[in-house]
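J.: Got a structure here, written out as structure tokens. Questions coming.
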Amino acid sequence: MQKILVAGCSGYLGSFTLREFKRRGFFVRAFARNPEKIAREGPNGEPAAAPLADEVFIGDVTDPSSLEGLCDGIDIVFSSLGRASGDRSHSIMDIDYRGNLAILEQARAAGVKKFVYVSIFKAEFMMHLEVTKAHERFVDELRRSDIDHTVVRPNAYFSDMAQFLVMARSGRMFWPGDGKLTINPIHGADLAGVCVDASSPGIREIDVGGPDVFTYRELFTLAFTTLGKPPDIIFIPLWLVRIVRAAASPFSKPAAEMLGFAIAVSEIDNTAPKHGRLHLKDFFEETVIRRNLSEA
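Each residue of the sequence shown is one higher than the one before, counting from 127 in this note's numbering.
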């Protein structure tokens with residue numbers, strides 16, 4: 127039986143991937159910093175990781191001394207590790223690059239045979255963003271290493287799309303561009319299947335999207351109609367958003383980075399090769415029900 131280490135298992139994709147590895151008969155070691163977080167289901171329906179795992183390893187990628195033995199006995203490392211959105215004590219580079227590099231160093235020392243890493247679709251068009259720089263800097267480290275590896279490049283998760291329900295609930299939505307470009311986000315469970323398949327030898331890179339392609343206007347309209355609200359969408363010229371981003375940059379780096387990402391995805395077609403069978407419409411409806419129940 128092959129043994130898998132799953133890093134990032136407290137996140138949306140990591141928890142689904144851990145479950146999929148376990149479902150296919152692998153021995154799974156969950157790696158997390160917060161044992162409480164992996165003991166409960168996530169906000170977007172992702173499974174609790176701890177009950178599914180054969181072992182749980184608690185450590186902190188910013189503290190190398192806590193990682194000793196992390197990869198001992200492991201055949202394959204899977205990492206979707208990235209900085210949590212609410213983490214203000216670490217930079218993106220600290221976690222997404224240096225954190226994954228610390229795991230890679232443990233993997234090399236332990237003789238791990240395969241490393242599967244999740245980066246960004248069409249990263250070459252977004253290298254001005256800090257998150258992309260961190261991801262691709264680590265991809266370069268993987269390429270220089272002597273470990274067989276696969277880079278999985280999804281375009282967007284369903285969990286990312288949940289933010290549009292929040293925006294639609296407010297009654298009005300703002301977005302850069304004209305809404306005509308397309309995207310096909312993917313459910314974590316469908317993407318998990320691709321990630322487990324990627325643990326096979328010889329696969330270098332996989333671009334991944336979901337089964338349904340939307341324009342951004344169609345995507346936002348779906349968010350409004352799921353909530354039973356009339357669509358009220360205002361598309362802002364990209365030149366104006368760039369001015370706002372430049373003005374915000376000296377005062378709020380997170381806000382500037384968020385605006386930079388919105389601009390970047392509004393300048394390129396984000397349709398990736400189709401995978402999976404789960405649909406965003408169903409996810410939106412389930413999310414609305416789940417959040418209504420939690421607020422009741």
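By construction, the Cβ of each residue, glycine as well, lies at the ideal position given by its N, Cα and C atoms. Just so it is clear, the structure is predicted and the values come from calculations on it, not from any experiment.
Taking Cβ to Cβ, would you say Met287 is nearer than 9 angstroms to Phe410?
T.: In terms of Cβ geometry, Met287 and Phe410 form a close pair [threshold 9 angstroms].
J.: Please specify which runs of the alpha helix (DSSP H), each continuous and at least 4 residues long, are wholly inside the stretch 307-390, giving them in chain order.
T.: 314-323, 342-352, 364-374
J.: Only counting the same chain, and skipping five residues up and downstream in sequence, which positions put a Cβ closer than 7 angstroms to that of Asp426?
T.: For residue 426 there is no data in the structure shown, the boundaries of the chain being 127 and 422.
J.: Note down, in chain order, each residue of its chain lying with its Cβ closer than 8 angstroms to the Cβ of Arg403, except the 5 sequence neighbours on either side.
T.: Asp316, Pro337
J.: With Thr258 as the anchor, note down where its alpha helix (DSSP H) starts and where it stops.
T.: 256-270
J.: From Arg269, Ser271, Gly314, pick the residue whose C-alpha is nearest to that of Tyr138; which is it?
T.: Gly314
J.: Starting from the Cα of Pro311, find the closest Cα among Lys379, Ile246, Asn418 and give me that residue.
T.: Measuring C-alpha to C-alpha distances from Pro311 to each of Lys379, Ile246, Asn418 identifies Ile246 as the nearest.
J.: Between which two residues does the alpha helix (DSSP H) containing Ser285 stretch?
T.: 284-295
J.: Go ahead and label Ala289 buried or exposed: buried means 16 or more other beta carbons lie within 10 angstroms of its beta carbon, across all protein chains shown.
T.: One point to set straight first is that residue 289 is Gln, not Ala, in the sequence displayed. Looking at its Cβ environment, which holds fewer than 16 other Cβ atoms inside 10 Å, Gln289 is exposed.
J.: Should Glu172 go down as buried or exposed, given a rule of 16 or more other Cβ atoms within 10 Å for buried?
T.: buried
J.: Just the C-alpha distance for Leu196 and Ile229, rounded to the nearest angstrom, thanks.
T.: Near 8 angstroms, if we compare the C-alpha coordinates of Ile229 and Leu196.
J.: Taking DSSP as the reference, what is the three-state secondary structure of Glu167?
T.: coil
J.: Per DSSP, what kind of secondary structure is Arg279 in: helix, strand or coil?
T.: In the structure shown, Arg279 adopts extended strand secondary structure according to DSSP, grouped into three states.
J.: Could you say which of Gly185, Ile202, Pro363, Ala176 lies nearest to Glu194 if we only look at CA atoms?
T.: Gly185
J.: Span of the alpha helix (DSSP H) holding Ile229?
T.: 226-236
J.: What residue does the alpha helix (DSSP H) around Lys148 start on, and which one ends it?
T.: First-last of the alpha helix (DSSP H) with Lys148: 138-149.
J.: Ser136: buried (16+ other C-beta within 10 angstroms of its C-beta) or exposed?
T.: Its Cβ being crowded by 16 or more others within 10 Å, Ser136 is buried.
J.: Using three-state DSSP, classify Met219 as helix, strand or coil.
T.: helix
J.: Would you kindly report the start and end of the unbroken beta strand (DSSP E) that includes Arg209?
T.: Note, Arg209: premise wrong, no beta strand (DSSP E); not H, not E.
J.: For Asp304 and Pro363, what's the separation of their Cα atoms in angstroms?
T.: Pro363 has its alpha-carbon roughly 7 angstroms from the corresponding atom of Asp304.
J.: Taking DSSP as the reference, what is the three-state secondary structure of Phe411?
T.: Position check: residue 411 holds Glu in this sequence, whereas Phe was assumed. Of the three classes helix, strand and coil, the one that applies to Glu411 here is helix, per DSSP.
J.: Within 8 angstroms, do at least three Cβ pairs link the stretch 163-177 to the stretch 349-356?
T.: Here the stretch 349-356 makes no contact with the stretch 163-177; the two share fewer than three CB pairs at distances below 8 angstroms.
J.: When you compare only the Cα positions, how much space is there between Leu268 and Met384?
T.: 27 angstroms
J.: Tell me the rounded alpha-carbon separation between His216 and Ala260.
T.: 13 angstroms
J.: Between Arg330 and Thr276, which are expected to be in contact by the criterion C-beta below 8 angstroms, what is the C-beta distance as a whole number of angstroms?
T.: 6 angstroms
J.: What separation, rounded to the nearest whole angstrom, lies between the Cα atoms of Gly208 and Pro380?
T.: Each residue's alpha carbon lies about 15 angstroms from the other.
J.: Starting from Glu181 and walking both ways along the beta strand (DSSP E), at which residues does that stretch end?
T.: 181-184
J.: Quick one: grab the DSSP three-state call for Leu404.
T.: DSSP, read as helix, strand or coil, puts Leu404 in coil.
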